[in-house]
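Notes for the one structure printed next.
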Amino acid sequence: MQLTRRNFFKFMGATGASVAVLPSSAQAWQSKAPPDPYGCLVDLTRCNGCRKCEDACSTVNELPPPIKDVCDCTVFEKKRRPDENAFTVVNRYFSGKLDELDKPLPVFVKIQCMHCQDPACVSACIVGALTKKENGAVHYDVSKCIGCRYCMVACPFEIPAYEYHDPITPRVRKCTFCFDRISKDGGLPGCATICPVEAITFGKRNTLLELAKKRIKDNPGKYVDHVYGEKEVGGTSWLYVSSLPFSKLNFPQLPEKPSPKLSETIQHSLFSYLWSPILLFGLLGGIMYKSKKKNDNPQDKGGA
Amino acid sequence: MIKKIIFYSGFMILVAALSMAQVWKAPDQEKAKERAKERVKFIKDYKDEDNILRKIALIEKGISLDDVKNNYFLLDSPIIKEREDHYGPVRFAHKRHAALINDCTECHHYRPKDESMLETTRCSACHQDSFNADHPERIGLKAAFHQQCTECHQEEQNGPVTCTGCHLKNVPDHKDLVKLADNSDAFQVTAECLRCHDQAGEDMLKTAHWNWRGPSPYTVKHRKDVQHGKGTTALNNY
Ligand code: SF4
Ligand code: SF4
Ligand code: SF4
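Residue numbers (the working numbering), protein chains in the order written: chain A, 32 to 335; chain B, 728 to 965.
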């Protein structure tokens with residue numbers, strides 16, 4: 032059998048248990064990024080802030096309809112974040128330039144999960160509820176999730192949200208990259224399909240990267256020379272090109288190293304200190320028990 | 728029950744009468760509708776020439792406004808509608824745009840590489856489904872329309888730039904949206920409409936239909952009213 036890269040990883044996974052006894056310095060961190068994932072290229076110079084992508088996303092994911100203000104313009108007054116009811120939101124920034132009517136020129140930014148190539152959320156997940164799929168999607172399996180929310184801490188883009196309002200079956204919620212849709216032949220993400228100006232281009236990440244660089248090369252005055260997501264945290268399936276520097280558009284400035292290392296550290300330290308929460312809750316329990324005893328008496332007298 | 732039977736039989740007769748009658752249809756509109764449905768073969772290769780050279784080429788070939796045959800097109804391509812269908816067709820006044828801009832190359836920016844083909848092909852020959860993996864740089868028809876129209880309208884500060892400036896929204900099927908009890912009265916029906924269309928209700932209060940006041944000597948029992956009107960004494964003022 033020819034040992035391809037992918038087979039090699041499978042093999043490694045299967046024998047993971049036996050490898051675990053090796054000293055940790057022996058297992059140098061290895062990228063598990065799929066070689067030819069899908070992605071989306073978001074061209075901020077094209078986006079006109081119509082928020083149709085928000086509509087489409089909530090329809091295909093059966094989420095509540097996006098907020099509608101009296102006028103769309105007031106929606107943009109606050110910067111919004113994706114949450115458990117909206118996997119994608121569009122925010123408005125101002126470029127500092129004026130248009131023909133001397134009105135400030137806006138730049139609209141659609142945000143959602145970046146579907147990192149080596150996702151921190153996946154490596155932080157201790158039960159494998161989050162996985163990076165071959166087609167690029169970072170997929171969440173609610174049946175495995177134990178609700179620890181490490182993914183939320185680990186994500187460098189602060190994407191995963193949690194259904195805190197739901198005490199029985201809370202889920203972690205984030206853009207699915209329309210996994211079911213794009214898994215079908217010719218299937219497209221809801222947001223990319225509806226966008227009237229093709230501000231979102233869906234395709235193979237490698238093709239999109241070339242396309243992004245070509246757009247920048249053909250229009251050097253229009254774009255800043257940076258494809259956001261090409262290198263950030265080891266690369267993301269979603270890529271952005273823009274007319275303004277990304278630092279002005281609230282994109283986090285991130286290292287080129289994938290973040291799984293960080294999340295693994297968080298995990299390990301949490302586990303090694305596992306005894307401390309037990310001690311803490313024990314202590315709190317004791318205090319509560321004592322104060323409850325004290326409070327019980329006057330209430331009994333009052334006959335409440 | 729009897730009432731229902733009479734109503735439905737009346738309704739059936741009306742439908743039959745309507746379908747028998749020759750309904751007049753505007754021939755140009757029918758032609759535009761037919762054309763809007765057409766799909767043409769995808770043009771893979773285009774001649775990548777400079778805009779100035781292209782303008783010169785058109786002048787040399789003697790292509791001018793006189794060659795614009797169609798007054799207008801309906802933009803309603805199945806290429807777009809099979810993906811998403813939220814809006815009605817756009818009526819694009821081709822001849823007017825041609826006369827106003829007087830430069831075919833504004834929109835017909837490239838020509839097919841195959842010299843035997845028409846100099847100015849339709850948009851949907853080169854721009855078809857979005858995200859064609861073989862031609863990643865080629866935008867789809869929907870984006871081609873929106874980028875071209877909106878950008879120019881914005882630059883020229885002329886022409887609509889909002890969705891409903893060009894399209895009518897498809898009316899959603901109200902069968903499941905309207906929630907009414909079987910014997911709802913007029914007030915309940917109006918309230919149900921207003922549940923979603925409250926702005927339409929507000930607007931109605933500003934129209935002449937609501938605000939008109941005056942004598943109505945031929946209305947039974949209101950012959951002497953000088954302030955008669957929908958907002959005052961008329962029967963259906965809910
Ligand atoms: S953006 Fe956050 S949630 Fe999305 S794949 Fe990357 S780490 Fe995970
Ligand atoms: S890819 Fe799908 S889930 Fe993600 S933002 Fe687009 S429509 Fe929403
Ligand atoms: S649908 Fe497209 S143009 Fe509209 S807000 Fe979303 S990304 Fe921007």
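Even glycine gets a Cβ: it sits at the ideal position worked out from N, Cα and C. For clarity, every value in this text was computed on a predicted model and none was experimentally measured.
- Message: Once DSSP output is grouped into helix, strand and coil, what is the label at P805 (chain B)?
- Response: It is helical.
- Task: Report all residues from its chain with a CB closer than 6 Å to the CB of V767 (chain B); omit the five preceding and five following residues, and keep chain order.
- Result: Taken in chain order, the residues that qualify are A852.
- Cα-Cα separation between E811 (chain B) and V91 (chain A), rounded to whole angstroms: About 12 Å.
- Can you tell which of A:L280, A:K109, A:S290 and A:P150 has its C-alpha closest to the C-alpha of H170 (chain A)? Its Cα nearest to that of H170 (chain A), the residue A:P150 stands out among A:L280, A:K109, A:S290 and A:P150.
- Item | Own chain, CB closer than 8 Å to L242 (chain A), minus 5 neighbours either side, in chain order | These residues qualify, in order along the chain: L72, T232 and G234.
- Query: Should C78 (chain A) be counted as a contact of ligand 1 given a C-beta to heavy atom distance under 7 Å?
  - Reply: With a cut-off of 7 Å, the C-beta of C78 (chain A) is classified as distant from ligand 1, since no heavy atom of the ligand falls inside that distance.
- Item | Check: K99 (chain A) C-beta below 7 Å from any heavy atom of ligand 3 | Checking the Cβ of K99 (chain A) against ligand 3 gives no.
- Query: Hey, A185 (chain A) and C152 (chain A): beta-carbon distance below 8 Å or not?
  - Reply: At a Cβ-Cβ threshold of 8 Å, A185 (chain A) and C152 (chain A) count as neighbours.
- Determine the chain B residues that contact N245 (chain A) at a beta-carbon separation under 8 Å, and present them in chain order. Reading off the sequence, residue 245 (chain A) comes out as Lys, not Asn. Ordered by position in chain B, the residues that pass the 8 Å Cβ test against K245 (chain A) are E864.
- Query: Would you report the Cα separation of G789 (chain B) and S214 (chain A), rounded to the nearest angstrom?
  - Reply: Distance between the alpha carbons of G789 (chain B) and S214 (chain A): 51 Å.
- Query: What does T877 (chain B) reach in chain E if we use C-beta pairs closer than 8 Å?
  - Reply: Of the protein chains in the structure, A and B, none is chain E.
- Reduced DSSP category for S273 (chain A) - H, G, I as helix; E, B as strand; rest coil: Correct three-state label for S273 (chain A): coil.
- Contacts around F188 (chain A), its chain only, beta-carbon distance under 7 Å, and the 5 residues preceding and following it disregarded: For F188 (chain A), the CB contacts under 7 Å within the same chain, skipping 5 residues up- and downstream, are M145 and P283 in chain order.
- In its own chain, which residues sit with a C-beta less than 7 Å from the C-beta of S56 (chain A), not counting the 5 before and 5 after it? Residue placement at S56 (chain A) is flagged as unreliable, the pLDDT there being 46, under the threshold of 50; the coordinate-derived value follows with that caveat. The beta carbon of S56 (chain A) lies closer than 7 Å to none in the same chain, with the five residues before and after it left out.
- Which bits of chain B does G234 (chain A) rub up against, with CB to CB less than 7 Å? What G234 (chain A) touches in chain B: F858, A860 and P863.
- Item | DSSP-derived helix/strand/coil call for P54 (chain A) | Its pLDDT being 45, under 50, P54 (chain A) is placed unreliably by the model, and the measurement read from it follows with that caveat. Note: P54 (chain A) maps to coil in three-state DSSP.
- Query: In the segment 127–202 of chain A, which residue ranges form an unbroken beta strand (DSSP E) of at least 3 residues, counting only runs that do not cross its ends?
  - Reply: You should have 135–142, 161–163 and 169–171.
- Message: Check whether chain A comes within 8 Å of R810 (chain B), counting only Cβ atoms and requiring the distance to be less than that.
- Response: Taking Cβ atoms only, chain A reaches closer than 8 Å to R810 (chain B), which makes this a yes.
- Is V169 (chain A) near ligand 1, with its Cβ less than 7 Å from a heavy atom? For ligand 1, at least one heavy atom lies less than 7 Å from the Cβ of V169 (chain A).
- Query: Using the C-alpha atoms, what's the distance from I770 (chain B) back to V888 (chain B)?
  - Reply: For V888 (chain B) and I770 (chain B), the gap between their C-alpha atoms comes out near 29 Å.
- C147 (chain A) CB to nearest heavy atom of ligand 1 below 7 Å: At least one heavy atom of ligand 1 lies less than 7 Å from the C-beta of C147 (chain A).
- Would DSSP call N122 (chain A) helix, strand or coil? N122 (chain A) sits in a strand when the DSSP states are folded into three classes.
- My understanding is that Y773 (chain B) touches K840 (chain B), with C-beta atoms under 8 Å, so please give their C-beta distance in whole angstroms. At roughly 6 Å, the Cβ-Cβ gap stays under 8 Å, so Y773 (chain B) and K840 (chain B) are in contact.
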